[in-house]
């Protein structure tokens, strides 16, 4: 893929793109470790919802010796609260240093390894697509980053074309699969343009602007759907143009950032939108950044990258191409015989990379949810009078406006949305019961994840989860300060109590 900065013969350069991409990925790592550091005790601590230490002790009986590479985590060496906090703190510090260009290659590698250590054992709270996306983008940033202590301040090796192509390939798959899988899902709301009639109020964590967007005219929703498809299906085609013209790349970057800005403004998806925008940075060459920043590019005396780098990088690129193609094909329910055979041939590459989550499949919101069940967490001392616990970002009070979380990812609030949509397994899953147990024990770590404790830190005698259907209020109700409507709650998990330190069903 050869790029030209202008109509002449001078090749385009990507020094500034590499600097911003590496710094951008490091910044997202810092965000991820920062929010994980805050939530670790409540999610995975000894008094958390899903303690990691006993879980890894149980897994140690199944994974011995080299087989532990199937779960490549540093937490095999210890998963106490202190160890987890230290690892998250080191990840945060290394990511911040990489943002400022200090040892970018090695500190990004350390950040990647530490984040992988949490993700591969952190289900269900660390199993979102953007966690996998960050691991994949982070490893590509490691490969593209220059070596040295502070390489961006002096001469640096020329940015690798293969490294930049791999980032383009990741953005290509992320967008194209998101569009194709919506069409292939069978959900007619995507095909007739009505998906956004439901999306703004049924998405996991809406914000205040989601309410306004929901009540836009239906033609606005349809226009937004078709615009989204134009971007998700059209931008990847621009990246396939031979000898990609710089104007095509600029249009692709602008369109993708526009889509991410719209999603960010009307929903809470943590760092996903920012990370996707960072993937667009390598689409712009130094000349484009010079025009954008109104600052001419710095004169450089590039040094050639060592030739021995080319062979392992080419091998890695071939493995990535094979593994990601396999995962893309496996995302579809039915494949023609020829494509099914191709997927089978490529399966070993996918198996090889699977533990490291560096070659993933993507596709958000394939099927649009058309209702919004919400879980209500309640405690009682006598079984007659029940009081509700509050959440920081999840809807509960009818008169509280949806909250804007920014780049923060409230993982318990998100996971409760999935649990409300699920069936019996979600009602009695280990983490759901762990939440009830933490409340009954009065665990400060678990209560710290909630927004309001009606018992002021004192554990109740009984606890239960109920489910109720929520929907946005009308515009007239919103003007009167009412943001939600709710049906009568129904039982979800039954009533639970602690008996001799064990969680048991209460009659």
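In my numbering, the protein residues as written are 2 to 508. C-beta atoms are modelled at their ideal positions from N, C-alpha and C, and glycine is treated no differently.
Check: With a Cβ-Cβ cutoff of 7 Å, do residue 206 and residue 269 count as a contact?
Finding: Position 205 of the chain shown holds residue 206. Position 268 of the chain shown holds residue 269. Taking 7 Å as the Cβ cut-off, residue 206 and residue 269 qualify as a contacting pair.
Margin query: Pull the bridge partners of residue 498 from the DSSP assignment, please.
Written below: Walking along the chain shown from the start, residue 498 turns up at place 497. DSSP lists 505 as partners of residue 498.
Next item on the list: Starting from the Cα of residue 412, find the closest Cα among 59, 120, 83 and give me that residue.
Entry: What you label residue 412 is simply residue 411 of the chain shown in a count that begins at 1. Among 59, 120, 83, the Cα nearest to that of residue 412 is on 120.
Check: How about the region 363 to 380 and the region 178 to 196: do they share at least three Cβ pairs that are nearer than 8 Å?
Finding: yes
Next item on the list: May I ask you to report which of helix, strand or coil DSSP gives residue 492?
Entry: Here the question's residue 492 lines up with position 491 in the chain shown. Note: residue 492 maps to strand in three-state DSSP.
Note to self: Considering Cα atoms alone, identify which of 276, 58, 40, 22 is closest to residue 164.
What the structure shows: For the purposes of this step, residue 164 is taken as the residue at position 163 of the chain shown. Nearest C-alpha to residue 164: 22.
Next item on the list: Consult DSSP for residue 327 and reduce its assignment to one of helix, strand or coil.
Entry: Here residue 327 refers to the residue found at position 326 of the chain shown. DSSP places residue 327 in helix when its eight states are reduced to three.
Checklist line | Closest Cα partner of residue 398 within the set 101, 141, 484, 252 | finding: Within the chain shown, the letter at position 397 stands for residue 398. Closest by alpha carbon: 484.
Next item on the list: May I ask you to verify whether the region 451 to 466 touches the region 382 to 391, counting CB pairs closer than 8 Å and requiring at least 3?
Entry: yes
Next item on the list: For the alpha helix (DSSP H) holding residue 217, just list the boundary residues, first then last.
Entry: Sequence index remark: in the chain shown, residue 217 carries index 216 (1-based). Looking at the DSSP string, residue 217 is not in any alpha helix (DSSP H), and its letter there is neither H nor E.
Check: Under the DSSP definition of a beta bridge, which residues are partnered with residue 473?
Finding: Here the question's residue 473 lines up with position 472 in the chain shown. Looking at the DSSP assignment, residue 473 forms a beta bridge with 485.
Check: Enumerated in chain order, which unbroken segments of the alpha helix (DSSP H) with a length of 4 residues or greater are wholly contained in the region 255 to 307?
Finding: 273 to 280, 287 to 294
Next item on the list: Report the rounded CA-to-CA distance for residue 190 versus residue 225, giving the unit in angstroms.
Entry: Here residue 190 refers to the residue found at position 189 of the chain shown. Here residue 225 refers to the residue found at position 224 of the chain shown. Taking the straight line joining both Cα atoms gives about 13 Å.
Next item on the list: Could you tell me the distance, in whole angstroms, from the CA atom of residue 431 to the CA atom of residue 80?
Entry: Residue 431 sits at position 430 when you count from the first residue of the chain shown. Residue 80 sits at position 79 when you count from the first residue of the chain shown. Computed Cα separation, rounded: 18 Å.
Check: Who are residue 379's beta bridge partners in DSSP?
Finding: Looking up residue 379 in the chain shown gives position 378. Per DSSP, 389, 465.
Notebook entry, point to check: Leaving out the 5 sequence neighbours to the left and right, which residues in its chain are closer than 8 Å to residue 88 when beta-carbon positions are compared?
Noted result: Locating residue 88 in the chain shown gives position 87, counting from the first residue. Contacts found: 75, 76, 115, 118, 119.
Checklist line | Same chain, Cβ closer than 7 Å to residue 212, neighbours up to 5 away in sequence not counted | finding: By 1-based counting over the chain shown, the position of residue 212 is 211. Excluding sequence neighbours, residue 212 sits near 403, 473, 479, 484.
Check: Using CA coordinates, which residue listed in 28, 153, 131, 137 is at the minimum distance from residue 169?
Finding: Walking along the chain shown from the start, residue 169 turns up at place 168. It is 137 whose Cα lies nearest to the Cα of residue 169.
Next item on the list: Measure from the alpha carbon of residue 441 to the alpha carbon of each residue in 161, 53, 421, 466, then state which is nearest.
Entry: Here residue 441 corresponds to residue number 440 of the chain shown, with the count starting at 1. Taking only the C-alpha atoms, the option nearest residue 441 is 466.
Note to self: Just to confirm the assignment, what range does the alpha helix (DSSP H) spanning residue 23 have?
What the structure shows: Numbered from its first residue, the chain shown carries residue 23 at position 22. Here the alpha helix (DSSP H) through residue 23 covers 16 to 45.
Check: Shortest alpha-carbon distance to residue 488 belongs to which of 49, 313, 377, 497?
Finding: In the chain shown, the residue the question calls residue 488 occupies position 487. Of the listed residues, the one whose Cα sits closest to residue 488 is 377.
Next item on the list: State the start and end residues of the unbroken alpha helix (DSSP H) segment that holds residue 440.
Entry: The count along the chain shown starts at 1 and reaches residue 440 at position 439. It spans 431 to 442 - the alpha helix (DSSP H) in which residue 440 sits, taken as one unbroken run.
Next item on the list: Given a cut-off of 7 Å, decide if residue 153 and residue 247 are closer than it, judged by their beta-carbon atoms.
Entry: For the purposes of this step, residue 247 is taken as the residue at position 246 of the chain shown. For the purposes of this step, residue 153 is taken as the residue at position 152 of the chain shown. Contact flag unset, no.
Check: Do you know offhand how far residue 434's Cα is from residue 493's?
Finding: Counted from its first residue, the chain shown places residue 434 at position 433. Counted from its first residue, the chain shown places residue 493 at position 492. Their backbone Cα atoms lie some 12 Å apart in a straight line.
Notebook entry, point to check: Any idea what DSSP makes of residue 231, helix, strand or coil?
Noted result: Locating residue 231 in the chain shown gives position 230, counting from the first residue. Helix at residue 231.
Item checked: Whole-number beta carbon distance between residue 197 and residue 222, since they are thought to touch under 8 Å -> On the chain shown, residue 222 is found 221 positions in, with the first residue counted as 1. On the chain shown, residue 197 is found 196 positions in, with the first residue counted as 1. That belief holds up - the Cβ atoms of residue 222 and residue 197 are roughly 4 Å apart, short of 8 Å.
Notebook entry, point to check: For residue 500, does the count of other Cβ atoms within 10 angstroms reach 16, so buried, or fall short, so exposed?
Noted result: On the chain shown, residue 500 is found 499 positions in, with the first residue counted as 1. The residue is exposed, with fewer than 16 neighbouring Cβ atoms inside 10 Å.
Item checked: Residue environment, residue 385, which counts as buried when at least 16 other CB atoms sit within 10 Å -> Here residue 385 corresponds to residue number 384 of the chain shown, with the count starting at 1. Residue 385 is exposed by the Cβ-count criterion.
Check: With DSSP run on the structure shown, which of helix, strand or coil describes residue 420?
Finding: Looking up residue 420 in the chain shown gives position 419. Residue state, collapsed to three classes: helix.
Check: Quick one: Cα of residue 200 to Cα of residue 151, how far?
Finding: Working through the chain shown from its first residue, we reach residue 200 at position 199. Working through the chain shown from its first residue, we reach residue 151 at position 150. Approximately 45 Å, taken between the alpha carbons.
Note to self: Less than 7 Å between C-beta atoms, sequence neighbours within five positions excluded: which residues of the same chain meet that for residue 39?
What the structure shows: To locate residue 39, count along the chain shown from 1; it is residue 38. Contacts found: none.
Checklist line | Sub-7 Å separation of residue 341 and residue 327 beta-carbons | finding: For the purposes of this step, residue 341 is taken as the residue at position 340 of the chain shown. For the purposes of this step, residue 327 is taken as the residue at position 326 of the chain shown. Against a cut-off of 7 Å, the Cβ pair of residue 327 and residue 341 comes out as no contact.
Checklist line | Residue range of the unbroken alpha helix (DSSP H) whose run includes residue 87 | finding: Counting from 1 along the chain shown, the entry for residue 87 is found at position 86. 82 to 100 is the span of the alpha helix (DSSP H), which, as asked, contains residue 87.
Notebook entry, point to check: Under the rule that 16 or more other beta-carbon atoms within 10 Å means buried, what is residue 481, buried or exposed?
Noted result: The sequence position of residue 481 within the chain shown is 480, counting from 1. Looking at its Cβ environment, which holds fewer than 16 other Cβ atoms inside 10 Å, residue 481 is exposed.
Notebook entry, point to check: Starting from residue 183 and walking both ways along the alpha helix (DSSP H), at which residues does that stretch end?
Noted result: Position 182 of the chain shown, counting from 1, holds the residue named residue 183. Taken as a continuous stretch (DSSP letters only), the alpha helix (DSSP H) holding residue 183 covers 162 to 185.
Notebook entry, point to check: Mind checking residue 9: buried by the 16 CB within 10 Å criterion, or exposed?
Noted result: As a first step, residue 9 must be located in the chain shown, where it is residue number 8. Note that residue 9 scores 42 on pLDDT, short of 50, meaning its location in the model is unreliable; the coordinates nonetheless yield the value given after this. Per the 10 Å Cβ criterion, exposed.
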